[in-house]
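Residue numbers (our numbering): 28 to 329.
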């Protein structure tokens, strides 16, 4: 067998292994209830409190309600006190759990010491880093974004609230940290350039942190959704691939033990695989960018 034949044999073997791994991952998603079984006390065994940043709307709000429904007291953080107070009231009335409100602007560096002070003394077992900014509901080229200062803020909003979270006290040997990324970060995504880049940072940060603290029994996972109907996406109408925030959060929590990154649902996993299979020349073409803008504009406006 000559060198070229050997090369193609190994290439073919690598392709087969790659797709076998993909198929196994897909099957695991279908059988999450068996393979990644969580006892009813899973979250409460981590601690008494869950901290959710960006907890007044969308995915953060849905995580707050879901975790409270599973027996945790909740700390919710965002910039708007009125929204936070309303969500806190609804969580308390619905679940009977305690809710602590912290007003915080994550684009300001001096907020973090104050947040840490507010969290002192709480037995925190779960942290959801969800806060983020999408500069425009409609996909736009970088220099076409009306308020470029928001783009700068999209970098700074992911500075995770760590102390005194589970990773800050690794001797405890338990805890969950969920960092919200985005499905668009799986490939370089024009029209969402800065947002995509900031979410890639989220993923790499989480994966490195999980490698550092996995042996301590701490679960650190990136969740990368595609379409979810939230204020950030202009309340896209739910369909087969666009989920409500509540449905997405409920589904994504099933996969906490499925690895250091998931797309949070079967349909979003399939979308990620499809997007990664498309040649970048197509994704980056002007025609595709125009089609994306027209599609989102139509859906947001409908």
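For every residue, glycine included, the Cβ atom is placed at its ideal position computed from N, Cα and C.
Per-residue burial, residue i [other beta carbons within 10 Å of its own, 16 or more giving buried]
| i | result |
| --- | --- |
| residue 236 | buried |
| residue 198 | Its pLDDT being 44, under 50, residue 198 is placed unreliably by the model, and the measurement read from it follows with that caveat. Exposed is the call here. |
| residue 169 | exposed |
| residue 91 | buried |
| residue 318 | exposed |
| residue 222 | buried |
| residue 32 | exposed |
| residue 124 | buried |
| residue 264 | exposed |
| residue 230 | buried |
| residue 296 | buried |
| residue 276 | buried |
| residue 144 | exposed |
| residue 306 | exposed |
| residue 309 | exposed |
| residue 180 | Residue placement at residue 180 cannot be trusted, given a pLDDT of 45 that sits under 50; what the coordinates show is reported in the next sentence. Answer is buried; the Cβ neighbour count reaches 16. |
| residue 322 | exposed |
| residue 253 | buried |
| residue 41 | exposed |
| residue 217 | buried |
| residue 47 | exposed |
| residue 89 | buried |
CB of residue i within 8 angstroms of CB of residue j, strictly
| i | j | result |
| --- | --- | --- |
| residue 111 | residue 130 | yes |
| residue 212 | residue 272 | no |
| residue 255 | residue 278 | no |
| residue 201 | residue 68 | no |
| residue 225 | residue 247 | no |
| residue 86 | residue 207 | yes |
| residue 38 | residue 70 | no |
| residue 320 | residue 165 | yes |
| residue 138 | residue 132 | yes |
| residue 84 | residue 257 | yes |
| residue 345 | residue 102 | Here the chain has residues from 28 to 329 only, and residue 345 is not among them. |
Endpoints, beta strand (DSSP E) assigned at residue i
| i | result |
| --- | --- |
| residue 152 | 151-156 |
| residue 248 | 246-250 |
| residue 207 | 203-207 |
Range of the contiguous alpha helix (DSSP H) that encloses residue i
| i | result |
| --- | --- |
| residue 307 | 307-310 |
| residue 237 | 220-240 |
| residue 294 | 293-304 |
| residue 142 | 138-146 |
8 angstroms contact criterion, which residue i and residue j should meet: CB distance rounded
| i | j | result |
| --- | --- | --- |
| residue 75 | residue 150 | 4 angstroms |
| residue 210 | residue 290 | 6 angstroms |
| residue 77 | residue 99 | 4 angstroms |
| residue 283 | residue 203 | 6 angstroms |
| residue 340 | residue 80 | Coverage of the chain is limited to positions 28 through 329, which leaves residue 340 absent and any answer about it impossible. |
| residue 214 | residue 280 | Contact flag wrong, Cβ pair sits at about 26 angstroms. |
| residue 285 | residue 45 | Going by Cβ atoms, the distance from residue 285 to residue 45 rounds to 19 angstroms, so no, they are not a contact pair. |
| residue 249 | residue 274 | Actually they are not in contact, since the Cβ atoms of residue 249 and residue 274 sit about 19 angstroms apart, beyond 8 angstroms. |
heavy atom of the ligand HEM below 7 angstroms from residue i C-beta
| i | result |
| --- | --- |
| residue 317 | With respect to small molecules bound, the structure shown includes none, and the ligand HEM cannot be examined in it. |
Extract the residue ranges of the alpha helix (DSSP H) inside the segment 48-130, only unbroken runs of 4 or more that lie entirely within it.
Those alpha helix (DSSP H) runs which fall completely within the segment 48-130 and span 4+ residues are 59-62, 85-96 and 108-122.
Enumerated in chain order, which unbroken segments of the beta strand (DSSP E) with a length of 3 residues or greater are wholly contained in the segment 243-291?
Within the segment 243-291, the complete beta strand (DSSP E) segments at least 3 residues long are 246-250, listed from N- to C-terminus.
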